[in-house]
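Following my numbering, the numbering of the sequence shown begins with 160 at its first residue and continues without gaps. Glycine is no exception: its CB is placed at the ideal position from the N, C-alpha and C atoms. Predicted, not measured: the structure shown is a model, and the values here were computed from it.
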Amino acid sequence: MGQLFGLVKLSLWREQLGMKGLGGQSFHMRFLGNPGTGKTVVARIVGEMMVKMGVVDMPDDVKKKLKEEAKIQSIREDREVGLPLIFKEAARVDMVAQYLGQTAPKVEKAVAGAIGGVLFIDEAYALVRDGKDSFGQEAVDTLIKEMEDKRKNVIVILAGYEAEMDSFFDSNPGFKSRVPFTFRFEVLNSQGLSVAADASPRLEDLIAFTSGCCNDIAAPDCHPSRDNGNGRTVRNVIEALQRAMARRVVQSQSTDMASLQTLTLKDLTLVAEEQAAARLEGPCGQTGLVTTLAEAADKKAGLAMWNKNYQLSKPNEQLYRMVRESQRLSKSLSSFQSTLLGNLQTQCSTGLDNLVKKLERKIQVTCDGMLPKMTSELENTGKLTVAQFEALVMPLQMTSKEALYLLEIFNNEDLPSPLDTLQTPAMACEDRLDDLRDQSILAPMEMAVPGLGEQLGETGKEMEK
């Protein structure tokens with residue numbers, strides 16, 4: 160950031176001394192980081208500073224319009240109000256059309272709306288979808304041209320996850336020469352979050368639970384996610400605490416200064432209970448993810464059906480998240496001494512223990528029992544009748560699918576406990592499936608020539624005559 164403002168000051172000083180400024184310099188930026196790390200907030204601050212420093216050349220008609228708006232606002236608020244910052248946010252829906260010839264005008268309109276200020280595009284890589292996305296690519300090409308042609312009049316800030324943004328820039332090299340400034344927004348640990356919230360130790364525990372972050376990211380039980388709320392998590396927790404305090408104050412009708420400005424343990428406990436229930440009451444309940452998966456593991460084709468039912472919501476990721484949140488509930492919220500939290504923890508722990516037992520049994524039956532048995536039977540398929548062959552193939556398909564779903568659940572480098580205890584036996588399914596793939600299936604001749612059995616039977620009867 161110092162390099163950015165240093166360049167701006169250098170240009171201004173040169174102009175003040177009658178020298179030629181750095182008018183051709185592009186000030187477009189790239190903000191890299193997880194959601195909630197402050198990218199949008201900082202974009203507004205930086206944009207406002209850049210505009211005030213004269214980096215953005217604001218057209219007269221735009222300036223006139225802003226002055227009129229400021230004048231009206233000043234009268235309304237009975238105080239002097241400065242020129243508002245032009246800060247426009249845009250996404251794929253604002254810039255990519257559905258029909259030929261409409262995308263470029265949409266991009267040009269989005270840029271035109273930010274003239275004299277900042278155009279902020281979060282998750283910029285979403286402009287181009289996977290595969291052949293000609294409209295998305297047209298949007299990118301048009302945006303690059305607009306950024307070059309209007310670099311004196313607008314600052315474009317492209318934001319998103321670092322890995323995706325790197326790939327996006329590599330696929331569209333035109334950005335690299337037009338976006339000279341890159342800023343990385345670090346993920347906050349729970350200490351950083353609690354300090355930002357001016358929190359008590361229990362509030363730090365609450366934030367650690369709700370955000371999934373931790374003080375020591377090297378700790379074995381720390382599982383930071385790039386989707387953590389970070390600073391946004393603090394805001395959400397504080398707002399929930401304010402609502403809890405409001406309910407308490409209204410119910411008690413206490414209007415003294417201390418009651419109106421002090422968060423109590425009761426407020427913190429209530430919010431902790433609400434947050435934990437929202438995350439775990441469903442998954443740990445009678446019809447939740449843990450129970451239904453345990454029931455599925457008890458059935459022959461249960462895992463296939465379970466995956467089908469949860470197809471649109473990434474069931475394995477939900478399972479890992481629920482296990483980790485259950486662990487955080489036990490670790491972070493035990494200090495609250497809440498009956499509700501204790502019961503929820505017991506419910507989740509009991510459900511997980513049952514799930515582990517069911518999955519362990521599923522692995523034994525599928526990978527150590529059925530697959531080796533079927534592999535052996537396949538060696539003699541040529542000697543089977545059609546009925547015997549069909550009776551073997553259908554269970555073979557079902558069992559193989561169940562083994563593949565087991566591999567899908569346990570093939571993860573960072574499995575949470577206690578699921579990690581089953582990883583080694585589950586991965587043995589892969590060897591059993593390899594043995595199965597090596598088999599050559601010899602189908603009965605009647606399968607290749609329909610009706611052959613009946614024909615041979617009739618021929619035999621004729622010969623007897």
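So what does DSSP say about valine 200, is it helix, strand or coil?
-> helix
Hey, methionine 449 and methionine 481 are a contact pair by Cβ (cut 8 Å); roughly how many whole angstroms apart?
-> The sequence given here places valine at residue 449; methionine does not occur at that position. Confirmed, about 7 Å.
Near aspartate 253, which residues of its chain fall below 8 Å by C-beta distance, leaving aside the five closest residues on each side in sequence?
-> Lys265, Ala269
First through last residue of the beta strand (DSSP E) which encompasses phenylalanine 340 | 340-344
Beta-carbon proximity check, glutamate 267 vs glutamate 305, cutoff 8 Å | Yes, the pair counts as a contact, with Cβ atoms nearer than the cut-off.
Buried or exposed for methionine 212, please, with buried defined as at least 16 other CB atoms from any protein chain shown within 10 angstroms of its CB.
-> By the 10 Å Cβ count, methionine 212 comes out exposed.
By Cβ distance below 8 Å, which residues in the same chain neighbour threonine 423 in space, the five residues on each side in sequence not counted?
-> Met404, Arg407
How far does the alpha helix (DSSP H) with valine 255 in it reach, from first residue to last?
-> It is not in any alpha helix (DSSP H) - valine 255 carries neither H nor E in the DSSP assignment.
Going by the beta-carbon positions, is the gap between alanine 460 and glutamate 561 smaller than 8 Å?
-> yes
Of the residues Asp426, Glu398, Ile397, which one's Cα is nearest the Cα of glutamine 410?
-> Looking at Asp426, Glu398, Ile397, the one whose alpha-carbon comes closest to that of glutamine 410 is Asp426.
Sheet register partners of phenylalanine 190 (DSSP bridge) = DSSP lists Ala318, Phe342 as partners of phenylalanine 190.
Rounded to a whole number of angstroms, what is the C-alpha to C-alpha distance between arginine 235 and valine 221?
-> A direct Cα-to-Cα measurement between arginine 235 and valine 221 gives close to 21 Å.
CB contact flag (lysine 521, leucine 492, <8 Å) = For the pair lysine 521 and leucine 492, the CB atoms are not nearer than the 8 Å cut-off.
Are phenylalanine 246 and valine 277 close, meaning C-beta to C-beta below 8 Å?
-> The beta carbons of phenylalanine 246 and valine 277 sit closer together than 8 Å.
Please look up how many angstroms separate the CB atoms of glutamate 432 and leucine 488, rounded, as I've assumed it's under 8 Å.
-> Incorrect: roughly 11 Å between the Cβ atoms, too far for contact.
Would you kindly work out how many angstroms separate the C-alpha atoms of arginine 288 and alanine 298, rounded to a whole number?
-> Arginine 288 and alanine 298: Cα-Cα distance of roughly 11 Å.
Could you give the C-beta distance for valine 310 and serine 185, rounded to a whole number, given that I count them as a contact under 8 Å?
-> The residue you asked about is not valine; residue 310 is arginine in the sequence shown. Rounded, the Cβ-Cβ distance is 5 Å, consistent with contact.
Separation of glycine 319 from isoleucine 280, as counted between CA atoms | 9 Å
Quick one: residues in its chain with C-beta nearer than 7 Å to the C-beta of threonine 428, no 5 flanking neighbours on either side, listed in chain order?
-> Phe495, Ser497
Please confirm whether alanine 229 and proline 218 have their CB atoms less than 8 Å apart.
-> no
When the Cα atoms are used, what is the spatial distance from glycine 206 to isoleucine 314?
-> Between the alpha carbons of glycine 206 and isoleucine 314 lies a gap of roughly 8 Å.
Among residues of its own chain, excluding the 5 on either side of threonine 262, which ones have a beta-carbon nearer than 6 Å to its beta-carbon?
-> Excluding positions up to five away in sequence, the list reads Val255, Ala256, Phe294, Glu297, Ala298.
Closest by CA to isoleucine 274, which one among Ile231, Val214, Phe190?
-> Val214
Compute the beta-carbon to beta-carbon distance between alanine 285 and arginine 251, rounded to the nearest angstrom, for a pair I have assumed lies under 8 Å.
-> 5 Å
Can you give me the Cβ contacts of valine 210 inside the same chain, cut-off strictly under 7 Å, excluding the 5 residues immediately before and after it?
-> Leu244, Gly276
Using only alpha-carbon positions, find the residue among Thr199, Glu572, Glu282, Val396 that is nearest to serine 326.
-> Comparing Cα positions, the closest option is Glu282.
heavy atom of the ligand MG below 7 Å from glutamate 536 C-beta | Of the ligands one can find in the structure shown there are none, so the ligand MG has no counterpart to examine.
Roughly how many angstroms lie between the CA atoms of valine 525 and threonine 558, to the nearest whole one?
-> First, the amino acid is wrong: residue 525 is threonine here, not valine. Each residue's Cα considered, the two are about 7 Å apart.
Same chain, Cβ closer than 7 Å to isoleucine 204, five either side skipped, listed in chain order | For isoleucine 204, there are no CB contacts under 7 Å within the same chain when 5 residues up- and downstream are skipped.
Residues bridged to aspartate 281 by DSSP?
-> Checking the DSSP bridge columns, you'll see aspartate 281 partnered with Ala318.
Starting from alanine 249, follow its DSSP beta bridges and name the residues at the other end.
-> DSSP output for alanine 249 lists Ile280 as bridge partner(s).
Simplified DSSP state of methionine 217, which is helix, strand or coil = coil
Buried or exposed: where does methionine 553 fall if 16 or more other Cβ atoms within 10 Å of its Cβ makes it buried?
-> exposed
Is aspartate 573 helix, strand or coil by DSSP?
-> coil
Backbone CA spacing between lysine 226 and leucine 302 [nearest angstrom] = 29 Å
Collapsed DSSP secondary structure at serine 330 in the structure displayed = helix
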